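Participant:
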Amino acid sequence: MELFALLIILIVVLGAGLLVQWLPMRHQPRPRWSQRVPFLGGGTPDSHAWSRYHVRYYSMTLLLIAFEMEMMFMYPWAVVFVETGKKAMMEMGMFLAILSVGIVYAWREGVFKWQ
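Just so you know, we're using the numbering used here here: the sequence shown kicks off at 2 and counts up by one.
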């Protein structure tokens with residue numbers, strides 16, 4: 002019985018959400034083609050959006066993500082370190098060692114050199 006009530010509530014909520022989305026769209030005029038073009042004030046784009054980015058930015062992005070993951074894990078680690086002590090210190094040491102290997106590899110490949 003509880004599952005049936007949950008199903009009814011889910012259907013009512015989804016119906017209300019779709020109705021709220023659909024009603025305003027019914028009363029608005031459709032935009033012209035020049036208003037639907039993504040950029041350049043209604044003109045057609047000269048090149049594809051992905052063709053503008055050089056490959057070297059992707060390796061820098063991967064390094065940024067590695068550093069962000071390091072920071073994301075170090076904040077809660079500080080709380081756990083107080084409780085567990087040496088075990089948490091060894092786990093963070095292994096984590097930083099793995100990240101350091103990635104950074105040294107990137108350094109040897111010349112990712113940090115801008116040309």
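By construction, the Cβ of each residue, glycine as well, lies at the ideal position given by its N, Cα and C atoms. Bear in mind the structure is a predicted one, so any value in this text is a computation, not a measurement.
1. Assuming the contact rule is C-beta atoms closer than 8 Å, Trp-78 and Met-95 should be a hit. Round their C-beta distance to whole Å, please.
2. Could you give the first and the last residue of the continuous alpha helix (DSSP H) run that contains Ala-111?
3. Would you check if the distance between the CB atom of Ala-67 and the CB atom of Leu-100 is smaller than 7 Å?
4. Residues in the same chain with beta-carbon distance under 8 Å from Ala-17, minus the five sequence neighbours each way, listed in chain order, please.
5. In three-state terms, what does DSSP make of Gly-103?
6. Is the Cβ-Cβ distance between Val-102 and Ser-60 less than 7 Å?
Facilitator: Put simply:
1. Trp-78 to Met-95, Cβ: 12 Å. No contact.
2. The sequence given here places Gly at residue 111; Ala does not occur at that position. Here Gly-111 belongs to no alpha helix (DSSP H), and DSSP marks it neither H nor E.
3. yes
4. The answer is none, since no qualifying residue turns up.
5. helix
6. Going by C-beta atoms, Val-102 is not nearer than 7 Å to Ser-60.
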